[in-house]
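> Sharing a structure, written as structure tokens. Questions coming.
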Amino acid sequence: MRRESYAFLSLIVVGCAAPGPDRLPSPKRTLIKAREATLEGTPTERAAAHRRVIELCLSEGWSDEAALDYLALRQLAGEDERLLESLAWGVLRSALRASDPARRLRAASATGRLVPSPQALRLLNAGLDDPHPEVQIACATALGRAGWGTIRATIDACEA
């Protein structure tokens, strides 16, 4: 009985031990430090810190984290159209890479409404290689709706 109790207690202790901030991977550590900066300083400095956090989150593909900081930034400094657009594209990119095929399908359909944007065309083109045929069809349909002239002009603009 006593041996089982010690074994159970050691499992609890080991299971509850989480790595400290200094042992986290570098992007997570950077995010923690950047978020700390959003708590101090003038409203302008805090807004700038939130912008840095959003850019970091989007570069790492953490669109949910970026959305949280965008909401805080919006309260401090009002709308920021450029960041809102970056956030929207980050959410679409994350959704198109999600493990759930239904989520990728919905993201492909939503991205199709943004054609002829070069970013939308790139995302839809990448979606043609999706392992699920339904997602491939949604991407191909969206590209087809854009029409060859639009696609060709966008490709030419991207190559220039």
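This note's numbering runs 583 ahead of the 1-based position in the sequence shown.
Virtual Cβ for every residue (Gly too), placed ideally from N, Cα, C.
For Pro714, report the span of its alpha helix (DSSP H) as first-last.
Looking at the DSSP string, Pro714 is not in any alpha helix (DSSP H), and its letter there is neither H nor E.
> Can you look up Leu675 in the DSSP assignment and give me helix, strand or coil?
It is helical.
> Can you look up Gly727 in the DSSP assignment and give me helix, strand or coil?
DSSP places Gly727 in helix when its eight states are reduced to three.
> So what's Ser692 in DSSP terms, helix, strand or just coil?
If DSSP states are grouped into helix, strand and coil, Ser692 belongs with the helices.
> With DSSP collapsed to three states, give me the class of Leu659.
Three-state result, Leu659: helix.
> If you measure between the beta carbons of Arg612 and Ala620, is that distance less than 9 Å?
Not closer than 9 Å, so no.
> By alpha-carbon positions, which one of Val636, Arg735, Leu706 ends up nearest to Ala721?
When only C-alpha atoms are compared, the closest one is Leu706.
> Consult DSSP for Pro626 and reduce its assignment to one of helix, strand or coil.
In the structure shown, Pro626 sits in a helix (DSSP, three-state: H, G or I).
> For Pro701, tell me which candidate among Pro610, Leu656, Ile734 has the shortest Cα-Cα distance.
The shortest C-alpha separation from Pro701 is found at Ile734.
> Among the candidates Ala709, Gly661, Leu656, Leu654, whose CA atom is the shortest distance from the CA of Leu675?
Taking only the C-alpha atoms, the option nearest Leu675 is Ala709.
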